[in-house]
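By UniProt numbering, the letter at position 144 of the sequence shown is numbered 144, and the numbering carries on one by one without gaps.
The beta carbon of each residue, even a glycine, is placed where N, CA and C say it ideally should be.
None of these values were measured; they are calculated from a predicted model.
Data block below; observations after.
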Amino acid sequence: MRGFRYLKLIAEMDENAEINAPEDEPSSSGGDSAHSKSYTHLGNYTVENDEIFYLSNGVSEGKMRVQNGCEYVVLEGSILDPKITSNESSIRKSRKEHADSLSEDGMVVIRDITFNTPSGAANFIRGGACNGKTYWRTESDRPLSEFISYRKNDSYN
């Protein structure tokens, strides 16, 4: 259990890292059980979908589209959760870097913002760590993960 928490902390330092824990592994995040399962896949991926994806936690209301298969664009009008629940320094840094694309109070996106990962975009909106592949969902409630195509990472040959 202690080892899992340590690995989770290390993974949270890299926005591209994901944790693959057994479903019966206790979670310290207290996250939404409908979205708490993590997925890990080796290799790079692209997203093949031109729909708008949504993310909501009752306070935040995010909208995102995927551009060029690997750019995650948080759309104008998205509402950020003002409460930061985890990854505080990373989220504060990201919000500060994109301050010119936010309303005066810093809670509404007034210009589209592009992220390198779906989790980076989700964390920005929600104010806490979450797996963007499962939290971003289409209007028909299909997760982003259903639209991912993986390719082998050539650097491991």
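Exposure label - residue i; buried when at least 16 CB within 10 Å
i	result
D81	buried
I113	buried
Option nearest residue i by Cα separation, candidates the options
i	options	result
C130	Y54, Y45, S119	S119
E139	V47, R65, K93, I79	R65
V59	S78, A121, I52	S78
V109	E61, S89, N57	E61
T46	K93, I52, F53, G69	G69
Bridge partners - residue i, DSSP secondary structure assignment
i	result
M107	Paired residue(s): none; M107 is not in a bridge.
P143	R137
K83	None, per the DSSP bridge assignment.
G62	L55
E71	Q67
T114	V73
Contacts around residue i, its chain only, beta-carbon distance under 6 Å, and the 5 residues preceding and following it disregarded
i	result
K83	G127
R142	none
H98	I113
S89	none
7 Å Cβ shell around residue i - same chain, five flanking residues per side excluded
i	result
S86	G128, A129
E104	none
A121	M64, Y72, V74, F115, G132
N57	D81, R126
Q67	V73
Cβ separation of residue i and residue j, assumed to be a contact under 8 Å, to the nearest whole Å
i	j	result
Y135	L55	5 Å
E48	F147	6 Å
R111	F53	Wrong, their Cβ atoms sit about 18 Å apart, outside the cutoff.
Contacts around residue i, its chain only, beta-carbon distance under 8 Å, and the 5 residues preceding and following it disregarded
i	result
I91	I84, N123, F124, G127, G128
E71	T114, F115, N116
L102	L80, R95, V108, V109, I110
Residue i at chain C interface by Cβ criterion, 8 Å
i	result
N87	Considering every chain present, this structure includes no chain C. It has just one protein chain.
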